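Chemist: One structure follows; several queries about it will come next.
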Amino acid sequence: MVRPLSDNQYPDSLIAGGPLARLFMAIEGRLKELFDPGIYSHAVIPPRASARDWENLTRRMPMVGLGWMACRPSDRVGSCFRGDAQFALIILTRQNAGRDAYFGDGTLPGVLGLAAVAGLGLHAFQVDGIGSCRVQQLAAAGDQDWIPDGVASVQLQITVSDIAFDSPELLAQLDTLTSLSSTFEDSSSGEKS
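Here the numbering used here is used: the first residue of the sequence shown is 594, the next is one more, and so on.
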């Protein structure tokens with residue numbers, strides 16, 4: 594990719610997602626520790642998932658899907674954006690009949706077991722230099738169009754509070770964007786503005 598602007602204006606680490614990308618990759622790594630990739634298919638939920646995307650995602654069972662939801666501004670917003678990063682986690686599995694849907698069938702856990710593993714494994718999960726995860730919600734999906742018949746889901750909202758785009762490494766590269774105002778002198782006229 595040819596970059597029209599220099600690295601000190603738009604550093605690669607910022608273009609790659611900065612702390613949001615680091616959080617996403619850390620949570621994704623943790624999910625692979627909790628849900629064996631040899632058994633569970635791991636997927637990234639597209640930012641604007643279409644019906645076809647959901648069809649493809651729900652084709653592989655059991656499936657663990659992670660997506661970014663939002664970053665809501667915190668009360669501490671000052672000269673640099675700070676906010677609570679929110680991620681969606683969706684775990685899909687074939688729905689068994691009766692109590693097996695909740696408690697499992699002896700080969701795979703049911704929705705209660707999936708929720709317990711995800712909740713325990715992600716709540717307070719520490720991402721160095723950024724913060725710790727907080728599981729805001731554990732839920733079983735009701736009647737949702739994108740979930741095919743015979744599929745059960747566990748949905749989690751994971752929040753990491755007060756993340757910022759002001760890490761020392763990033764700010765060291767952003768010399769053109771770290772001041773709120775400055776004075777310039779025109780080299781030909783000597784005029785200051």
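In this text, a Cβ means the ideal position worked out from N, Cα and C, and glycines have one as well.
Only a predicted model underlies this, so the values are computations on that prediction, with no experimental measurement involved.
Below 8 Å on the Cβ atoms is my guess for D755 versus R669; work out the distance and round it to an integer in Å.
Modeler: For the purposes of this step, residue 755 is taken as the residue at position 162 of the sequence shown. For the purposes of this step, residue 669 is taken as the residue at position 76 of the sequence shown. With a Cβ gap of about 7 Å, D755 and R669 count as contacting.
Chemist: Tell me whether the stretch 681 to 692 and the stretch 621 to 641 touch, counting them as touching only if at least three CB pairs, one residue from each stretch, are closer than 8 Å.
Modeler: Yes, since at least three Cβ pairs between the stretch 681 to 692 and the stretch 621 to 641 fall closer than 8 Å, the two stretches touch.
Chemist: If we require 3 or more residues per run, which beta strand (DSSP E) segments fall completely within the stretch 673 to 715?
Modeler: 675 to 687
Chemist: Rounded C-beta distance between V747 and A708? I'm assuming under 8 Å.
Modeler: Residue 747 sits at position 154 when you count from the first residue of the sequence shown. Residue 708 sits at position 115 when you count from the first residue of the sequence shown. Yes, they are in contact, since the Cβ atoms of V747 and A708 sit about 5 Å apart, within 8 Å.
Chemist: Measure from the alpha carbon of G676 to the alpha carbon of each residue in I723, W739, G743 and D605, then state which is nearest.
Modeler: Reading the sequence shown from its first residue, position 83 is the one you call residue 676. Answer by Cα proximity: I723.
Chemist: Applying the 10 Å Cβ sphere with the 16-neighbour rule, what's the burial state of V637?
Modeler: As a working mapping, residue 637 is identified with position 44 in the sequence shown. Under the 10 Å beta carbon count, V637 is surrounded by fewer than 16 other beta carbons and is classified as exposed.
Chemist: For W661 versus F617, is the C-beta distance shorter than 9 Å?
Modeler: Translated into positions along the sequence shown, residue 661 becomes position 68. Translated into positions along the sequence shown, residue 617 becomes position 24. Yes, Cβ-Cβ distance for W661 and F617 is below 9 Å.
Chemist: Could you pull the start and end residues of the alpha helix (DSSP H) that I723 belongs to?
Modeler: Reading the sequence shown from its first residue, position 130 is the one you call residue 723. For I723, there is no enclosing alpha helix (DSSP H), since its DSSP letter is neither H nor E.
Chemist: To which residues of the same chain is C726 closer than 6 Å at the C-beta, ignoring the five residues directly before and after it?
Modeler: In the sequence shown, counting from the first residue as 1, residue 726 sits at position 133. Closer than 6 Å at Cβ, skipping near neighbours: L715, F718, I751 and V753.
Chemist: Rounded to the nearest angstrom, what separates V704 and L713 at their Cα positions?
Modeler: Here residue 704 refers to the residue found at position 111 when the sequence shown is read from its first residue. Here residue 713 refers to the residue found at position 120 when the sequence shown is read from its first residue. Approximately 14 Å between the Cα atoms of the pair.
Chemist: For P741, which residues does DSSP report across the bridge?
Modeler: For the purposes of this step, residue 741 is identified with residue 148 of the sequence shown, where counting begins at 1. P741 is not bridged to any residue.
Chemist: On the DSSP letters alone, give me the boundaries of the alpha helix (DSSP H) that S634 sits inside.
Modeler: Here residue 634 refers to the residue found at position 41 when the sequence shown is read from its first residue. Not the alpha helix (DSSP H): S634 falls in the beta strand (DSSP E), residues S634 to V637.
Chemist: Beta strand (DSSP E) containing R641: first to last residue?
Modeler: Here residue 641 corresponds to residue number 48 of the sequence shown, with the count starting at 1. Per DSSP, R641 belongs to no beta strand (DSSP E) and is neither H nor E.
Chemist: Among M656, A642 and W739, whose alpha-carbon lies nearest the alpha-carbon of H635?
Modeler: Counted from its first residue, the sequence shown places residue 635 at position 42. Per the Cα distances, M656.
Chemist: Give the C-beta separation of A644 and W739 to the nearest angstrom, bearing in mind that I take them to be a contact with Cβ-Cβ under 8 Å.
Modeler: Residue 644 sits at position 51 when you count from the first residue of the sequence shown. Residue 739 sits at position 146 when you count from the first residue of the sequence shown. Confirmed, Cβ separation roughly 7 Å.
Chemist: Among all the DSSP beta bridges, which residues are the ones paired with W661?
Modeler: Indexing the sequence shown from 1 puts residue 661 at position 68. Looking at the DSSP assignment, W661 forms a beta bridge with F680.
Chemist: Please classify P666 as buried or exposed, where buried requires at least 16 neighbouring CB atoms within 10 angstroms.
Modeler: Here residue 666 corresponds to residue number 73 of the sequence shown, with the count starting at 1. So P666 counts as exposed.
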